[in-house]
Every structure is written in structure tokens, then in C-alpha cells.
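Residue numbers (the UniProt record's numbering): 1 to 259.
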């Protein structure tokens, strides 16, 4: 068979290759990713990282709560307020935030000056948030609390697990909120398990009534909260096994019916 005639295109390509000179300083070599050689490519190393113990425990606890069946009394704490509702509640509570150390100092110095000048001092009862688990409990029992906000991430949960039921019994509106640090900032503390409102100003009464009505429907009168059990979710491997077993059983049933 005679050879095919070379076209102009192939001749040009061969000419270009011949013209291209190799630089001896820069020799092209295949990359070697063994120890002490080329830099490793970027990859997700999260599975290979030795995480601190507190992170491991936090993740294990989260998975455990998904797997095991969580009683309704504990599972209700996960039903926190959404972003809009929580912002409304926190905005209202912030108005009743107790005075700081500097504010208290200024108030006391002002009172002392008035006393020294023999002036009448107007001492009004301060309407502020109440905090501290024991103090809030007594306020609920005596029905002085008008609104109770409980943090959802109290550890151990046994500290506040009975508090929602006490609020239901005393007909005090309550809610769960993320998280105890946010409640702590309202009362100038690092964290707070729960806070309570005892008195409402006239200008905030309408806003408070709307909030209290919504919270009563969502928590106090919602009987499903005390019935729904949390957790019980199987892992991805177990789910695949269950699905495979289900398919196998369905195939067996089909074979029996076809015979």
C-alpha cells in the first residue's frame, strides 16, 4: 500500500515541534508525592485531624441524641423560638435589663448628694429582670412571674427539666431560647439558665400581651410537646442495611406469588 501524502497542516506541526528547543535547566518530570518530595495537593483533612477532647465529646453527644430515644420532657427543650420570635422576646427583655455597676454607683452618689442637701429623693421601685434558678422558681410558685425564658442548652439538663411543667401548672407563659450566654448578657452575667419578668411598663403592655398569647399557644397549651419523643434516627449504614433487607423480602414475596 502506498503511503498517504503529507498535508500542509501536518508539515507545519512537525516544523513547530522541531523548532521548539528543550531547556536543560527546566526538565519536565512527573510529580512524586512520597515523603520529602513534592508538596501534597490540597485535600479535606477533617477526618485525619486529632480534634480536642471537648469537640469529640460534643459531636458524640449530638450523634447519641439522634440515635437513642429522648424522652418528651427533655426533647421539648430542642423546640426553641425561631429567629423572629426570639429577637422580639430579647428586644423586650433588654428594656428591663438590670443596671450595671457604674449606673448603680451614679444612682447612689446622686441619692447621697440629695440626702446631704436635705432634698426629697424620688425612690421608685425598679422594674428589672429577675434571674437565678432558685429566685425564678419562687417567683413562679407565688405567681409573681409574668414571663419565664429558659435556656435550651443548660448542662446538666436536670437543673431545669422540671421548670416547664411548673410554669404550665402555675399558668405562667414560658419559652425556650438559644442560648444561656444570650440570657447572661441581658443580666450582665456570663450565662443564665433562666430569666423572669415580674412587672411590665404601660408602654410595653400591648407588645407583651401579644407575645404572651403566642407563647401560651406554642408552649403552655401545646400538648404535643409532652407526647413527641425525640431521637430514634438510625445511621446511614444501618439505613442502607434496612433498605437492602426490605428489598430482599419484597423479591422473595414476588417469587412466591409468581409460582
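Built from N, CA and C at the ideal position, the CB exists for glycine as well.
Each residue's CA atom was taken as its position, placing residue 48 and residue 42 some 13 Å apart. In terms of CA proximity to residue 94, 200 leads the group 200, 242, 139.
Judged by DSSP in its simplified three-state form, residue 89 adopts helix. When 222, 34, 36 are compared, the shortest CA-CA separation from residue 73 is found for 222.
A distance below 7 Å between beta-carbons, with the five flanking residues on each side excluded, links residue 31 to the following residues of its chain, in chain order: 38. In terms of Cβ geometry, residue 193 and residue 129 do not form a close pair [threshold 8 Å]. Taking C-beta separations shorter than 7 Å and ignoring five residues to either side along the sequence, the partners of residue 148 in its chain run 136, 140, 167, 172, 174, 194, 196, following chain order. Between residue 87 and residue 187, the gap from beta carbon to beta carbon reaches 8 Å or more.
One thing to note: residue 177 has its Cβ within 8 Å of the Cβ of residue 81. Taking the Cα positions, residue 54 is about 16 Å away from residue 154. Residue 147: not part of any alpha helix (DSSP H); member of the beta strand (DSSP E) spanning 147-151, first to last residue. Residue range 53-67 is occupied by the alpha helix (DSSP H) that includes residue 63. About 7 Å separates the CB atoms of residue 92 and residue 204; that is less than 8 Å, so the two are in contact. Non-local C-beta neighbours of residue 109 in its own chain, meaning closer than 8 Å and more than five positions away in sequence, are absent.
With contacts defined as CB atoms closer than 8 Å, residue 225 and residue 85 fail to qualify as a contacting pair.
The DSSP-derived three-state label of residue 33 is coil. Residue 233 and residue 67 do touch by the CB rule: their CB atoms are close to 7 Å apart, below 8 Å. Sequence-distant partners of residue 33 (beyond 5 residues in either direction) whose C-beta falls short of 7 Å from its own C-beta, in its chain, are 40. Apart from sequence neighbours up to five positions away, the residues of its chain that approach residue 170 with a beta-carbon distance below 6 Å are 140, 143, ordered along the chain. Annotated three-state conformation of residue 236 is helix, per DSSP.
Taking each of 14, 24, 69 in turn and checking the Cα distance to residue 231, the smallest one comes out for 69.
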